[in-house]
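One structure below.
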Amino acid sequence: MSRLSNMAVRDIETVIHPYTNLARHRETGPLILNEGRGIHLYDDKGKRYIEGLAGLWCTSLGYGNEELVEAAAQAMRKLSYTSIFSGKSHDSAIELSEKLKELAPCPTSKVLFGGSGSEANDMQIKLTWYMSNARGLPKKKKIISRQRAYHGVTIASASLTGLPWVHADFDLPIANILHTSCPHHYRFAEEGETEDQFTDRLAKDLDDLIQKEGPETVAAFIAEPIMGAGGVIIPPSSYFPKINAVLAKYDVRYIADEVICGFGRTGEWFGTTTMGMKPTSISMAKAITSAYFPMGAITIEEELYQAMLDESRKLGTFGHGFTYTAHPVGCAVALKTIEIYERDKTVEHVRQVAPVFEKRIAQFADHPLVGNARAKGLLGALELVADKKTKRAFDPKKAIGALCADILQENGLIVRAMGDAVAFCPPLVITADEINEMFDIVAKGLKILEERVLKENLR
Ligand code: PMP
């Protein structure tokens, strides 16, 4: 540990790092990032990095945005806190709810706030169950998610997540949460199966699952328009129209998890529209405040609101709420963030630069280590494979994706590897030149990676 800085040693001795190999961390120590400006971060030695994953898919307006800082400071000065429990309210909560109702890609009656994406999806589960009970359908409780989905880490939202390491040792998933097939054509299509045949099969898988479980027991289906943490999986364009048709046959809530895709990431305000979903409700977080304040929210459809009214008449209250539900600082920051998106035409900007991003990613498709190169809007991934022809994956123990991310980091680009899919999700304010700079680093990094793979016989 001697080559580690004093702060790094103190980190190792005190901090638990989420989604980190804690044993390896004891040897490598942390990357300490104390400063950010625009799309760049600076480490404790002053080295500059492009933040190629917008933090955790969230810092859409980049770092050091003085307007957001000022909005937060003003809100704190004026009213650092009030709850909206027991019928209290404040202007920012009202204005933000109105704004989200106006923007939402599904018919929306009301808005309910939480502090994160996990809390948003946790509330979706609670309210789905609540509505079934209110409707006198206590057996209608099952929620269908998908393998490789990411919906959060609370006990219930981690159960929706379809990744084994989020379940292992935690005794998850909990009862009533099911997972159907993942729409990753490159990885899961059968030999010779076209995209259209593949999505037919997946729609049938969902239909069969609902039939097998009993439609009267199935209460909801949840999906990200584009899966993020599962490896940036962009479903074929025929996927959601077919899923919509299956769900329309049954009486289920249809939840779109817009935590990553929401607020412009795909070149439209919501991924739901880009991917052709027809949800009953959406979950939001991350870019809602450009990560300047923790916040999550869900839309409440009229039918659910009516059920909530009836139940609160019976029970005397609506029995849910966090201390920080609709925190006035968070609401003020979210309002300012959305005002900036509208004023600066951020979504149009994404549509303008996305072709550069998509083209640069597509160019890597010919690289010997890249099995699949995919992008939509400003969200993309390179899936690394040991054998391009057979699509054989690398031995997970070799952690090639993590090695690639390490090499890119050494070369000034921060990204994240999900298994062997290296993900790109830069701040939405990135320029075309900066996108080119980012992928020039990727080209250099892949060359270094290729040499290491050959030299160390990692295939
Ligand atoms: N849903 C999606 C699609 C996400 O990507 C994430 C976080 N990466 C979450 C939910 C959970 O959000 P949080 O980490 O804010 O709890």
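Every position in the sequence shown, counted from 1, becomes a number in our numbering once 1072 is added.
The C-beta atom is built at its ideal place from N, Cα and C for all residues, glycine as well.
Because the structure is a prediction, the values reported are computed rather than measured.
Alpha-carbon to alpha-carbon, residue j and residue i
{"i": "residue 1318", "j": "residue 1265", "result": "21 Å"}
{"i": "residue 1449", "j": "residue 1475", "result": "26 Å"}
{"i": "residue 1270", "j": "residue 1315", "result": "12 Å"}
{"i": "residue 1091", "j": "residue 1230", "result": "13 Å"}
{"i": "residue 1399", "j": "residue 1140", "result": "15 Å"}
{"i": "residue 1096", "j": "residue 1118", "result": "24 Å"}
{"i": "residue 1259", "j": "residue 1301", "result": "16 Å"}
{"i": "residue 1470", "j": "residue 1227", "result": "30 Å"}
{"i": "residue 1294", "j": "residue 1353", "result": "10 Å"}
{"i": "residue 1196", "j": "residue 1303", "result": "23 Å"}
{"i": "residue 1276", "j": "residue 1288", "result": "18 Å"}
{"i": "residue 1154", "j": "residue 1361", "result": "19 Å"}
{"i": "residue 1333", "j": "residue 1210", "result": "33 Å"}
{"i": "residue 1086", "j": "residue 1106", "result": "18 Å"}
{"i": "residue 1041", "j": "residue 1113", "result": "Residue 1041 lies beyond the range of the chain shown here (1073 to 1531); nothing can be said about it."}
{"i": "residue 1094", "j": "residue 1414", "result": "42 Å"}
{"i": "residue 1084", "j": "residue 1075", "result": "13 Å"}
{"i": "residue 1492", "j": "residue 1236", "result": "15 Å"}
{"i": "residue 1509", "j": "residue 1137", "result": "22 Å"}
{"i": "residue 1234", "j": "residue 1251", "result": "7 Å"}
Test: residue i CB closer than 7 Å to a CB of chain B
{"i": "residue 1471", "result": "This model lacks chain B altogether, as it is built from one protein chain only."}
Option nearest residue i by Cα separation, candidates the options
{"i": "residue 1395", "options": "1322, 1187, 1201", "result": "1187"}
{"i": "residue 1355", "options": "1254, 1329, 1408, 1333", "result": "1329"}
{"i": "residue 1412", "options": "1079, 1143, 1101, 1108", "result": "1143"}
{"i": "residue 1310", "options": "1131, 1211, 1267", "result": "1267"}
{"i": "residue 1436", "options": "1514, 1385, 1083", "result": "1514"}
{"i": "residue 1172", "options": "1133, 1123, 1359", "result": "1359"}
{"i": "residue 1486", "options": "1115, 1383, 1251", "result": "1115"}
{"i": "residue 1222", "options": "1238, 1491, 1272", "result": "1238"}
{"i": "residue 1148", "options": "1401, 1357, 1456, 1524", "result": "1401"}
{"i": "residue 1383", "options": "1174, 1202, 1473", "result": "1202"}
Distance CB(residue i)-CB(residue j) smaller than 7 Å
{"i": "residue 1365", "j": "residue 1432", "result": "no"}
{"i": "residue 1126", "j": "residue 1468", "result": "no"}
{"i": "residue 1176", "j": "residue 1368", "result": "no"}
{"i": "residue 1232", "j": "residue 1217", "result": "yes"}
{"i": "residue 1156", "j": "residue 1145", "result": "no"}
{"i": "residue 1441", "j": "residue 1479", "result": "no"}
{"i": "residue 1168", "j": "residue 1406", "result": "yes"}
{"i": "residue 1189", "j": "residue 1331", "result": "yes"}
{"i": "residue 1370", "j": "residue 1128", "result": "no"}
{"i": "residue 1215", "j": "residue 1249", "result": "yes"}
{"i": "residue 1343", "j": "residue 1298", "result": "yes"}
{"i": "residue 1213", "j": "residue 1292", "result": "no"}
{"i": "residue 1427", "j": "residue 1178", "result": "no"}
{"i": "residue 1496", "j": "residue 1224", "result": "no"}
Assigned exposure category for residue i - 16 Cβ within 10 Å defines buried
{"i": "residue 1242", "result": "exposed"}
{"i": "residue 1089", "result": "exposed"}
{"i": "residue 1381", "result": "exposed"}
{"i": "residue 1326", "result": "buried"}
{"i": "residue 1429", "result": "buried"}
{"i": "residue 1341", "result": "buried"}
{"i": "residue 1392", "result": "exposed"}
{"i": "residue 1247", "result": "exposed"}
{"i": "residue 1081", "result": "exposed"}
{"i": "residue 1220", "result": "buried"}
{"i": "residue 1390", "result": "exposed"}
{"i": "residue 1387", "result": "exposed"}
{"i": "residue 1104", "result": "exposed"}
{"i": "residue 1488", "result": "buried"}
{"i": "residue 1473", "result": "buried"}
Same chain, Cβ closer than 6 Å to residue i, five either side skipped, listed in chain order
{"i": "residue 1320", "result": "none"}
{"i": "residue 1526", "result": "none"}
{"i": "residue 1135", "result": "1108, 1109"}
{"i": "residue 1374", "result": "1181"}
{"i": "residue 1307", "result": "1255"}
{"i": "residue 1533", "result": "Since the first residue shown for the chain is 1073 and the last is 1531, residue 1533 is missing from the structure and cannot be characterised."}
{"i": "residue 1422", "result": "1336, 1339, 1449, 1450, 1500"}
{"i": "residue 1517", "result": "1479, 1480, 1483"}
{"i": "residue 1205", "result": "none"}
{"i": "residue 1152", "result": "none"}
{"i": "residue 1409", "result": "1361, 1362"}
Same chain, Cβ closer than 7 Å to residue i, neighbours up to 5 away in sequence not counted
{"i": "residue 1312", "result": "1347, 1348, 1349"}
{"i": "residue 1460", "result": "1440, 1443"}
{"i": "residue 1403", "result": "1164, 1165, 1168"}
{"i": "residue 1477", "result": "1487, 1488, 1489, 1494"}
Spatial neighbours of residue i in its chain, beta-carbon cut-off 8 Å, leaving aside the 5 residues before and after
{"i": "residue 1425", "result": "1450, 1502, 1503, 1504, 1507"}
{"i": "residue 1434", "result": "1445, 1447"}
{"i": "residue 1322", "result": "1282, 1287, 1290"}
{"i": "residue 1519", "result": "none"}
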